[in-house]
Amino acid sequence: MISTKQKILILAPHTDDGEFGCGASIAKWIEEGKEVYYATFSACKQSVLPQFPEDILITEVKAATQVLGIKPSNLILFDYDVRTFNYHRQDILDDLIKLRNDIQPDLVLMPSKNDIHQDHKTIMEEGLRAFKFTSILCYEMPWNNLNFNTTCFSLLTENQLHTKIEALKQYKSQAHRPYSNPEFIKGLAISRGVQISKTYAEVFEVLRWIV
-4 MISTKQKILI LAPHTDDGEF GCGASIAKWI EEGKEVYYAT FSACKQSVLP
46 QFPEDILITE VKAATQVLGI KPSNLILFDY DVRTFNYHRQ DILDDLIKLR
96 NDIQPDLVLM PSKNDIHQDH KTIMEEGLRA FKFTSILCYE MPWNNLNFNT
146 TCFSLLTENQ LHTKIEALKQ YKSQAHRPYS NPEFIKGLAI SRGVQISKTY
196 AEVFEVLRWI V
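Residue numbers (the numbering used here): -4 to 206.
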């Protein structure tokens, strides 16, 4: 049961991945008194639209995680170039092992094994190596997932879903992306809720579960 997991680490390849994948559950877990840490590996400076400062995503992830309730001291920022993670596997693994030793999380969240984005795939593979003795859930990103095994559901309140949407609104530099649409985010939560006869949910793949 997730209720037994008190220290939770979110691995976000890029700023905003954690909010998209499990933002409402993060808000829920913080409400329940869990200690949530958020590690992101790239601010995607090379992909920022020209009308924004190149470091805008650093500002935005700080604001978004604050909306979710994550302590500023629990936000860890790494600075790898976007779409190059596969060239830095050992460095990323070393960073992950340091996170494991420093935080000693009970639960780790990461992208799916079926996520086709090259950076997401690297974080999942190196994350599994680093945290193979820890419970691991993979979060859903439908625009990158060839398929997704819906094996774990997190029930959400309307307020928790609203918090996720408000957190994602902090990413003004990403508002042009179709999956940033609040109606899509809400619709996905409704769809996942329907699967278990509830109103709203986020869904995860169980990669490893230790009880």
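Yeah, the Cβ is synthetic: ideal placement off N, Cα and C, and Gly gets one too.
Here the segment 152 to 169 makes no contact with the segment 66 to 81; the two share fewer than three CB pairs at distances below 8 Å. Within the DSSP secondary-structure output, Ile71 pairs in a beta bridge with Ala34. One alpha carbon belongs to Val201, the other to Leu63, and they sit about 23 Å apart.
Less than 8 Å separates the beta-carbon of Gln41 from that of Asp76. Ile160 and Glu178 have their alpha carbons spaced roughly 9 Å apart. Unbroken alpha helix (DSSP H) runs of no fewer than 4 residues, entirely contained in the segment 70 to 148, are found at 84 to 98, 113 to 125, following chain order. Ranked by Cα distance from Lys2, the options Phe15, Tyr82, Asp97 are led by Asp97. Of the residues assessed, Trp138 falls on the exposed side of the cut-off, its CB having fewer than 16 other CB atoms within 10 angstroms. The three-state secondary structure of Lys181, taken from DSSP, is helix. Per DSSP, the beta bridge partners of Ile3 are Val31, Leu102. A residue is called buried once 16 or more other Cβ atoms fall within 10 Å of its Cβ, and Ser192, having fewer, is exposed.
Val206 and Pro48 have their alpha carbons spaced roughly 45 Å apart. Met119 is a Cβ neighbour of Met105, given a cutoff of 8 Å. By the CB criterion at 8 Å, Phe80 and Phe36 fall inside the cutoff.
If only complete runs of 4 or more residues are kept, the segment 160 to 205 shows the alpha helix (DSSP H) at 177 to 190, in order along the chain.
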